[in-house]
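Residue numbers for the sequence shown follow the numbering used here, beginning at 24 and rising by one. Cβ coordinates follow ideal geometry from the N, Cα and C atoms, glycine included. In this text, all values refer to a predicted model and were calculated from it rather than measured experimentally. Read the structure below first, then the notes.
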Amino acid sequence: MDYYYRKPMGNGAVASKFKLSGNLNKDKEGTSGSSEEIVSHSEPGAERASEDDRSESVTSDIQAFNCDRCYRLKKKCSRNTPRCRNCERSGAECKYIDRRHKKTKRDDEQEKDEKSSDSSTNMSVFRAMNDTSHASGGVIKQVPSESSSPSEIADNAALSSSRSRRENKRPPLKSLKVSTRKEITSLLNKDEISVANILTQNSMKQRTSNNLKDAFINIPAMGYDHPRHFLESYFQNYGTKYPFIEKDGYLQKFQSLKFDSESIINLDMYVLLSIGCLIFDNNNGTELFSSYFNDNRVQSVVENLNYIEMNNEEENFENLKLFLLVAVYALSSFNEKLCWGVLEVMDRLVNRMRFYIPITSDIVTQERIFWSIFNLDIELSLLANRPSMITPPEYVKLPFEIKKQGSDKESIDIIIQEIALHKLQHEILHWKLKGGAEKEVLKRISADLEKWRVKTSRAIHEACIHDTGLQNCTSIVNLNYYYLLIELDQVSSSESLQFTLQFLSNSFSLFIAKEDASSKPQDRVSICNLVWYVKFFNVIKFTLLSLKRTLIQLHEQCKAEESQESSLASLKLSDFNSNLQLILNLCRFIIQNNYRANPFFARISGCSNDLSSLCSILLSSDFLSKSPNQQATTIKEVELSESRILEYITVI
24 MDYYYRKPMG NGAVASKFKL SGNLNKDKEG TSGSSEEIVS HSEPGAERAS
74 EDDRSESVTS DIQAFNCDRC YRLKKKCSRN TPRCRNCERS GAECKYIDRR
124 HKKTKRDDEQ EKDEKSSDSS TNMSVFRAMN DTSHASGGVI KQVPSESSSP
174 SEIADNAALS SSRSRRENKR PPLKSLKVST RKEITSLLNK DEISVANILT
224 QNSMKQRTSN NLKDAFINIP AMGYDHPRHF LESYFQNYGT KYPFIEKDGY
274 LQKFQSLKFD SESIINLDMY VLLSIGCLIF DNNNGTELFS SYFNDNRVQS
324 VVENLNYIEM NNEEENFENL KLFLLVAVYA LSSFNEKLCW GVLEVMDRLV
374 NRMRFYIPIT SDIVTQERIF WSIFNLDIEL SLLANRPSMI TPPEYVKLPF
424 EIKKQGSDKE SIDIIIQEIA LHKLQHEILH WKLKGGAEKE VLKRISADLE
474 KWRVKTSRAI HEACIHDTGL QNCTSIVNLN YYYLLIELDQ VSSSESLQFT
524 LQFLSNSFSL FIAKEDASSK PQDRVSICNL VWYVKFFNVI KFTLLSLKRT
574 LIQLHEQCKA EESQESSLAS LKLSDFNSNL QLILNLCRFI IQNNYRANPF
624 FARISGCSND LSSLCSILLS SDFLSKSPNQ QATTIKEVEL SESRILEYIT
674 VI
């Protein structure tokens, strides 16, 4: 061995290196001494190398490169010291230059910034997956064998979950300390944005498809009664509105599961039961969701979904069903950002796979999935007054085979009427975005709405003739009917305040039915979800805008000294006062009887305070008896109250 060196690595370690060359016989005598030197330098107590070792280290390090002359002439260099063979033969000067790339300060700073940005990106992407309250939380990609016991399956699942976390090298979440309301609000926004980031990033990148039937998640022991109530609550509220899940098949799947002890279930069953649990808690005043489920675990399902079309038809069905379940969960948990993000992905997938034409072997399942996405998209688009992203109904060429499929557990007639309702909503949205419609069009849509209400009421009476929740289902039909008439008034030259009164009255009846329920657990229809609250907020907004227009119109007539029928104007203002007072009472009822866990509690509370001030302004004196200047002052006060209220009720 010709050369040996010790090189400090900068972190306390010392690197040793030997180099073999053709001069082995010449330096054979010094081999033993060199060997002794190696042993002595490899002792742990040695802290620094000798001066000779340092010089040898530099020399050997330089020999890793060709000399300067051979490098420029592109000749093979022997790399001998002090002169290589080519330079010795020609008598030229031989110099060795270190040509390794040396990082500049700017490169170091850039690399540091990239690492920090990657860390922050990973932090936001995996927030929903890591922030779980259960010790064995997370999604388990594992197929249990028939002979395995639930405890063994859960242990293996937890082991595979921990391995996947180590492989992904996900950064741990650091504890965050907040003290101000502003910081808390920013953190809540970050949590919502993190889910949006997951959806955006996963939809942009190409990745291998996941078999969702092989993905499981563990749940604690719940007994049998609670899961059964959760399942019934889900189908009672969303089974016909979003008919992508066939009830008979799901009941058979549910009966094969054991909930007496801790077990693992498929992702779709977990999300469905969590939705039913939210509804059950709202109807019965319980708090079971935190005992059995976790919001972050439900949202972590987004990580396991496929954002691209797959070759397997059945996998495409399962993927879209799970997307729909996550969207329905977002409605029940008031998470509008998650709902919009999932809806965008589903619309893109449906258009990409051309689900609006008969393209699959299972047309009934394709219809159920397509019309479920259609209903969800149209309803949210109308509430937000935005163009729909789904295929318009005039382009849909599905044969509508769903009406031929009989079922003992669900009413196909109600499902068909739900689809008809959302087609009417699509038409109303079309004219709203255009800015108006002719009287003949409005009359036709109004007549179609009346026909829909009659057919739906008949179908509900036939399906729920022995059901105790018949009155609640009828109230839901009336609620939807009058809300669409209110929406239709927004594109009409005339408006009726009776539609607002009927909407509020039916809402009150549903809330009172919840309070009058017996002590027995109830699986009833619930309006405590994102859709009803946005409808309620829209009704408040439309009422305030109409009130302001009416006051301005009366003020202009007063300034122009035009003749006006004071009795009709007074009657209209009285109707406004009645509706505003009813809205205020409904807000107060929600505050008093709905728990503070309601995500919109702060919005309702702030809106209630400003509505109370507005009612006081209108009731203080007769608007028509005021002078033009006093009327202008009242209008400014109304506009100020309106702007404050709109800040609270703007959701989507």
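Inter-residue Cα distance where the pair is residue i and residue j
{"i": "L591", "j": "I658", "result": "19 Å"}
{"i": "R547", "j": "S256", "result": "6 Å"}
{"i": "S384", "j": "N342", "result": "17 Å"}
{"i": "A115", "j": "D121", "result": "19 Å"}
{"i": "F253", "j": "N501", "result": "26 Å"}
{"i": "S516", "j": "L570", "result": "15 Å"}
{"i": "L634", "j": "A655", "result": "20 Å"}
{"i": "P651", "j": "A583", "result": "10 Å"}
{"i": "E326", "j": "L290", "result": "12 Å"}
{"i": "P243", "j": "F312", "result": "12 Å"}
{"i": "I240", "j": "I287", "result": "5 Å"}
{"i": "E332", "j": "F378", "result": "12 Å"}
{"i": "I483", "j": "A443", "result": "15 Å"}
{"i": "T104", "j": "S113", "result": "15 Å"}
{"i": "G272", "j": "G492", "result": "24 Å"}
{"i": "F303", "j": "T309", "result": "8 Å"}
{"i": "S354", "j": "Q653", "result": "The question names Ser, but residue 354 in the sequence shown is Leu. Looking at the two C-alpha atoms, the distance is approximately 45 Å."}
{"i": "N335", "j": "R95", "result": "60 Å"}
{"i": "L274", "j": "S666", "result": "49 Å"}
{"i": "F282", "j": "R251", "result": "10 Å"}
Assigned exposure category for residue i - 16 Cβ within 10 Å defines buried
{"i": "H445", "result": "buried"}
{"i": "N48", "result": "A caution first: N48 carries a pLDDT of 45, below 50, which makes its placement in the model too unreliable to give a value."}
{"i": "Y330", "result": "buried"}
{"i": "A470", "result": "exposed"}
{"i": "H449", "result": "buried"}
{"i": "V661", "result": "buried"}
{"i": "D400", "result": "buried"}
{"i": "H249", "result": "buried"}
{"i": "S530", "result": "buried"}
{"i": "A87", "result": "exposed"}
{"i": "T263", "result": "buried"}
{"i": "S411", "result": "buried"}
{"i": "L641", "result": "buried"}
Residue i vs residue j beta-carbon contact at 8 Å
{"i": "L447", "j": "L421", "result": "no"}
{"i": "V373", "j": "I413", "result": "yes"}
{"i": "L405", "j": "E518", "result": "no"}
{"i": "S532", "j": "S498", "result": "yes"}
{"i": "W555", "j": "V514", "result": "no"}
{"i": "T388", "j": "F346", "result": "no"}
{"i": "S631", "j": "N260", "result": "no"}
{"i": "S395", "j": "P266", "result": "yes"}
{"i": "K97", "j": "N109", "result": "no"}
{"i": "L366", "j": "L328", "result": "no"}
{"i": "F612", "j": "F534", "result": "yes"}
{"i": "I438", "j": "I451", "result": "no"}
{"i": "S297", "j": "F277", "result": "no"}
{"i": "I614", "j": "S636", "result": "no"}
{"i": "L301", "j": "L348", "result": "no"}
{"i": "E359", "j": "V674", "result": "yes"}
Pick from the options that is closest to residue i, judged by C-alpha positions
{"i": "S314", "options": "D436, M245, N307 and S528", "result": "M245"}
{"i": "Q322", "options": "N306, L311 and Y293", "result": "Y293"}
{"i": "V477", "options": "P381, G492 and E441", "result": "E441"}
{"i": "E424", "options": "R409, R377 and F393", "result": "F393"}
{"i": "F7", "options": "T497, S636, L609 and L637", "result": "Outside the displayed span of the chain (24 to 675) sits residue 7, for which this structure offers no information."}
{"i": "F599", "options": "T566, R611, N616 and I614", "result": "T566"}
{"i": "T523", "options": "A536, I563 and T104", "result": "I563"}
{"i": "D237", "options": "K98, A407, E338 and S664", "result": "E338"}
{"i": "S356", "options": "G299, E367, T309 and N334", "result": "G299"}
{"i": "I382", "options": "P415, D370, E367 and V419", "result": "V419"}
{"i": "Q580", "options": "N602, R611, L647 and L553", "result": "L647"}
{"i": "Y504", "options": "G492, Q521 and E390", "result": "Q521"}
{"i": "L361", "options": "R391, N398, D318 and N335", "result": "D318"}
{"i": "A536", "options": "S528, T309, N495 and C100", "result": "N495"}
{"i": "L508", "options": "W475, E485, C487 and A486", "result": "W475"}
{"i": "P622", "options": "C551, S643 and K595", "result": "C551"}
Start-end ranges of the alpha helix (DSSP H) lying completely within the stretch 420-500, minimum 4 residues: Within the stretch 420-500, the complete alpha helix (DSSP H) runs of at least 4 residues are 435-457 and 462-486.
Run through the stretch 271-315 for me and flag every whole alpha helix (DSSP H) of 4 or more residues, listed as ranges in chain order. You should have 290-307 and 312-315.
Note down, one range per segment and in chain order, each alpha helix (DSSP H) of at least 4 residues found wholly within the stretch 617-658. Uninterrupted alpha helix (DSSP H) stretches at least 4 residues long and entirely within the stretch 617-658 occur at 624-643, given in chain order.
If you scan the stretch 336-388 from start to end, which runs of the alpha helix (DSSP H) of 4 or more residues do you find wholly inside it? Entirely contained in the stretch 336-388, the alpha helix (DSSP H) runs reaching 4 residues are, in chain order, 336-355 and 359-376.
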